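Everything on this sheet refers to the single structure shown next.
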Amino acid sequence: MKYIENKNQLIDYFIEGSKSRPQWRIGTEHEKFLFELKSKKPIPYEGEISILKIFSELEKNNWTPIKEGKNVLGLVKEKKNITLEPGLQFELSGDAVQNIHQTCNEINSYLKELKIVCARLGIGLLGNGFAPIAKLSDVFKSPKKRYEIMRKYMPSVGRNGLDMMHRTCATQVNLDYLNEADYKKKSKLIAAITPVAVSLFSNSPFKEKELNGYLSYRTHIWQNTDKNRSGIPEFFLKNENSFERYVDFALKVPMYFIIK
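Using this note's numbering, you'd call the opening residue of the sequence shown number 1 and step up by one each time.
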């Protein structure tokens, strides 16, 4: 293991991540809520209708289990990963692809496979930003150790941290950059268009079967979560942004834990 002994090593990590244009790729992550079709309730981690049952069925399609201790917490096939969010939201972390058409084909192929398995088990999928029916107390929890630490910490840094963990879903996009100047330009653009994207794709107006007063309740949740880890860094929109500036920002964020 290579130990990190100074800030320059972290800056070098960003420099080494630069890629030429022919190497640029897009990586997307897609999260879904899973629920029992008959009751409309969230499914548990284990049982007759559960996450482990889905994993077991997907293993028949050449997905390989990812374990933490004795617990299966995800699956991997080729360069794609399925993982669980804190509230057992089902997430695909896709391969690095060249364009939006390839990522569209990837997610459609994955969803087709997942829907076949879920249909056999009586499980439905939902792609909302916030769970429209389930109460926080209804949601089953992932046994992942990191999430146990987060559950204890979140209530101390914002009133909606546990909702963020257990009752939100999203699609995330990852982009390559040419160099520091390109990183600076792209991070500024992404920060600037985020409110537009939120407006265009708002789909979380319900909470516990009632209108919640927001078109994007998910955004409201994130505005009342750990301020150290949420929101858009102000320097993204200014000329002071750089690899070093981001490293300085990241180093000031309190750590949840250390892996030794």
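For each residue, glycine too, the CB sits at the ideal point set by N, CA and C. Note that this is a predicted model, so its numbers are computed, not measured.
Practice task
Quick one: using the 10 Å Cβ neighbour count with 16 as the cut-off for buried, is Asn239 buried or exposed?
Solution key: Locating residue 239 in the sequence shown gives position 239, where the first residue counts as 1. It is exposed - the Cβ of Asn239 has fewer than 16 other Cβ atoms within 10 Å.
Practice task
Going by DSSP, name the residue or residues bridged to Pro42.
Solution key: What you label residue 42 is simply residue 42 of the sequence shown in a count that begins at 1. BP columns for Pro42 point to Phe35.
Problem - Stretch-stretch touch, CB-based, cutoff 8 Å, three pairs: the segment 129-139 with the segment 192-209 - result: The answer is yes - the segment 192-209 touches the segment 129-139, with three or more Cβ pairs under 8 Å.
Practice task
Would you identify the three-state DSSP class for Ile26, choosing helix, strand or coil?
Solution key: Position 26 of the sequence shown, counted from the start, is the residue given in the question as residue 26. Assigned with DSSP and collapsed to three states, Ile26 falls in strand.
Handout entry: For Gln172, the residue or residues it bridges with in DSSP
Key = Residue numbering aside, residue 172 sits at position 172 when the sequence shown is read from its first letter. Note: Gln172 sits in a beta bridge opposite Glu29.
Practice task
To the nearest angstrom, report how far apart Thr171 and Lys152 are at their CA atoms.
Solution key: Here residue 171 refers to the residue found at position 171 of the sequence shown. Here residue 152 refers to the residue found at position 152 of the sequence shown. Each residue's CA atom was taken as its position, placing Thr171 and Lys152 some 26 Å apart.
Exercise for the section: Would you kindly check if the distance between the Cβ of Glu36 and the Cβ of Ile133 is under 8 Å? Expected result: In the sequence shown, the residue the question calls residue 133 occupies position 133. In the sequence shown, the residue the question calls residue 36 occupies position 36. Result no, Cβ atoms of Ile133 and Glu36 do not sit closer than 8 Å.
Practice task
Mind checking who Ser93 pairs with in its DSSP beta bridge?
Solution key: Translated into the one-based positions of the sequence shown, residue 93 becomes position 93. Glu29 and Asn81.
Practice task
Return the residue from the list Lys38, Ser39, Leu88 and Gln23 that minimises the CA-CA distance to Ile54.
Solution key: Sequence index remark: in the sequence shown, residue 54 carries index 54 (1-based). Nearest C-alpha to Ile54: Leu88.
Practice task
Please confirm whether Pro86 and Met150 have their CB atoms less than 8 Å apart.
Solution key: For the purposes of this step, residue 86 is taken as residue 86 along the sequence shown, with counting starting at 1. For the purposes of this step, residue 150 is taken as residue 150 along the sequence shown, with counting starting at 1. Going by C-beta atoms, Pro86 is nearer than 8 Å to Met150.
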